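This note's numbering puts the first residue of the sequence shown at 216, with every later residue one more than the last. In this text, a Cβ means the ideal position worked out from N, Cα and C, and glycines have one as well. Just so you know, these numbers come straight off a predicted model, no measurement behind them.
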Amino acid sequence: MGHDIPLAVPSLTGREAEYLQECVASGFVSSVGPFVTRFEETFATRVGAAHAVACASGTAALHLAMVTLGVGPGDTVAVSDLTFVASANAVHYTGAQPVLVDSEPRTWNLDSALLHDWCVAEAAAGRPLPAAIEAVHVLGQPADVEPLLALRDRFGIPLVEDAAEALGAGYREGPVAGHQVGTVGALGCFSFNGNKIITAGGGGMVVTDDEDQARRVRHLSTQAKLPGLGYHHDEVGFNHRMTNLSAAVGLAQLEQLDAFLARKRAIAATYDAALADLAEVTLPPRVGWADPSSWLYSILLPDQGTRDRVLTALVDDGIGARPLWAPVSSHRPYRDAPRVGGEVARDLADRGLSLPCSVTISDDELAIVVAAVRAALARA
Ligand SMILES: *Cc1c(COP(=O)(O)O)cnc(C)c1O
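What follows is the structure in structure tokens.
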């Protein structure tokens, strides 16, 4: 019959157009302007960080975080194997080598206990440890940071959070109870790509409580240009700043964040209830000690063949289902990257299926998706 239900598209019904018109009227459309500052300040307050620096993309935010920590050639950085490739690319841009860490079934995030024990064994053997750990909060589910903070305290390995998918998620219990994701590590990175929880058209943010590091991120993002009228640069910087146009959209979106999160969580609860009785379906991970952002709703099916048959049936029906990402270690540039752990990430990637979950999706459309999953499974 052919529906038209996309995977994750933005809702732009707040003050986006009004703020964009203000940009045009004021002439501030580029990388300086009042909306950049307003977006940064409002964002920092919202996530509970002292400083926020707006960037051209989430990838740029991660890249700046790595450079700010001094990551470079000869270093390794531990990254989740199961993530969007940008997490690893940001490490690669610095000349460092990603070490790809397997997932844990409990949260689908990098197995931080495994990484902890691996680092302890590497140190005991006299081998060099990663220069940083980049923990991705995969699909908006907070990672178990306790073993990673132990590594920071014991070996001084800084933690960077790739919170691109996890704006609004946070910890309930444990050593960082009350913290939102992105404010646990030395630096936290967010994305405002079109499919994320809020969008700026494109954009990202680095947050930190460390004023010196915030200053350094900002400096590196603006070609490392020194203040003053002359064009003087004290190191090789980047053009990674956000424009005022993007910040106008981002700020208007941020004003709606609570409503977006409420809808994302309601969508997840609706799918959970509607799919719970299907023996073939494993629902997304839930833990008692953290609240996810519920950015993307992804389930596991019994095997890759079933997943592919259900995926094809949904897509043929106009339903924007997608597989989970292939693991980073399966992409050509990363095939020889060192790996820690076994085959959990590959198994999740083989069996994972993401279902439409835009904040604009209607309850009728959710029912259509559920019916299509049930019908496809009955045939699969
Ligand atoms: C989207 C995403 C990024 C990259 O953000 P962009 O704004 O698209 O550059 C990085 N990491 C993860 C986990 C993402 O989902």
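Distance cut-off 7 Å: D562 Cβ against heavy atoms of ligand 1: no
Inter-residue spacing [alpha-carbon to alpha-carbon] between S436 and V502: Between S436 and V502, the C-alpha separation is close to 36 Å.
Whether V286 touches A339 by CB criterion (8 Å): no
Test item: CB-CB of Q468 and A392 under 8 Å: At a Cβ-Cβ threshold of 8 Å, Q468 and A392 do not count as neighbours.
Stretch pair the stretch 512 to 526 + the stretch 488 to 498: three plus CB contacts closer than 8 Å: yes
Inter-stretch contact (C-beta, 8 Å, three-pair minimum) for the stretch 459 to 473 and the stretch 241 to 250: yes
For L325 and A350, believed in contact at Cβ under 8 Å, the rounded distance: 6 Å
Other residues of its chain near Y234: CB distance less than 6 Å, five sequence neighbours each side excluded: The residues are A463 and A467.
At least 3 beta-carbon pairs within less than 8 Å: the stretch 262 to 273 vs the stretch 414 to 429: Yes: at least three Cβ pairs fall under 8 Å.
Bridge partner(s) assigned by DSSP for M420: A269 and F405
Unbroken stretches of the alpha helix (DSSP H), 4 residues or longer, contained in the stretch 307 to 392: 327 to 339 and 361 to 370
Separation of H278 from L310, as counted between CA atoms: Looking at the sequence itself, residue 310 is Gly, so the reference to Leu does not match. So the two alpha carbons sit approximately 11 Å from each other.
Burial state of S318 (16 or more Cβ within 10 Å): buried
contact_flag[the stretch 446 to 457, the stretch 471 to 488] where n(CB pairs < 8 Å) is 3 or more: no
Pair within 8 Å by beta-carbon distance, Y386 and A505: yes
Distance between A259 and V422 (C-alpha atoms, nearest Å): 7 Å
Beta-carbon proximity list for D532, same chain, < 8 Å, skipping 5 on both sides: M216, G217, H218 and A587
G355 CB to nearest heavy atom of ligand 1 below 7 Å: no
Segment limits, beta strand (DSSP E) that includes G242: Where G242 is concerned, there is no enclosing beta strand (DSSP E), given that its DSSP letter is neither H nor E.
For A591 and A528, the rounded distance between their alpha carbons: The C-alpha of A591 is placed about 6 Å away from the C-alpha of A528.
Anticipated Cβ contact below 8 Å, V224 with T497, distance rounded: Rounded, the Cβ-Cβ distance is 26 Å, inconsistent with contact.
Length of the line joining the Cα atoms of G341 and V335: 10 Å
C-beta contact flag for I220 and P538 at 8 Å: no
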